[in-house]
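Quick note on the working numbering: the sequence shown kicks off at -18 and runs consecutively. Here the structure comes first, spelled out in structure tokens, and everything after it is commentary.
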Amino acid sequence: ESGALLPDRAEGEVVVKGSSVFPGYFLDEAATQDRFSEGGFHTGDLGYLHEGELYVTGRIKDVI
């Protein structure tokens, strides 16, 4: 919720950033505003990092 990076093995929402992340939803500015913040895309997935590997553990959102 705070947007802070979590320590190793701490579960939180998966947020991705990078040049390969799409810039937003086509013709849906409301969805784009809802899912993007500070250049990161909020995937709706729960997960944690361990030794540089991402482990997805569940979903926050109902839609995939």
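Where is the CB? At the ideal position from N, CA and C, for every residue including glycine. Just so we're clear, the structure is a prediction, and the values are computed from it rather than from any experiment.
Between R(-10), R16, G(-1), S1, which has its C-alpha nearest L35's C-alpha?
Position 54 of the sequence shown, counted from the first residue, corresponds to residue 35. It is R(-10).
Start and end residues, alpha helix (DSSP H) containing E10
Translated into the one-based positions of the sequence shown, residue 10 becomes position 29. Unbroken alpha helix (DSSP H) run through E10: 10 to 16.
Which whole-angstrom value is the C-beta distance of V(-3) and G21, which I expect to be below 8 Å?
Within the sequence shown, numbered from 1, the residue matching residue -3 stands at position 16. Within the sequence shown, numbered from 1, the residue matching residue 21 stands at position 40. With a Cβ gap of about 6 Å, V(-3) and G21 count as contacting.
Let me know if V(-5) comes out buried or exposed under the rule of 16 or more other beta-carbons within 10 Å of its beta-carbon.
Sequence index remark: in the sequence shown, residue -5 carries index 14 (1-based). Per the 10 Å Cβ criterion, buried.
At what residues does the beta strand (DSSP E) containing F7 begin and finish?
Numbered from its first residue, the sequence shown carries residue 7 at position 26. Taken as a continuous stretch (DSSP letters only), F7 belongs to no beta strand (DSSP E), as it is neither H nor E.
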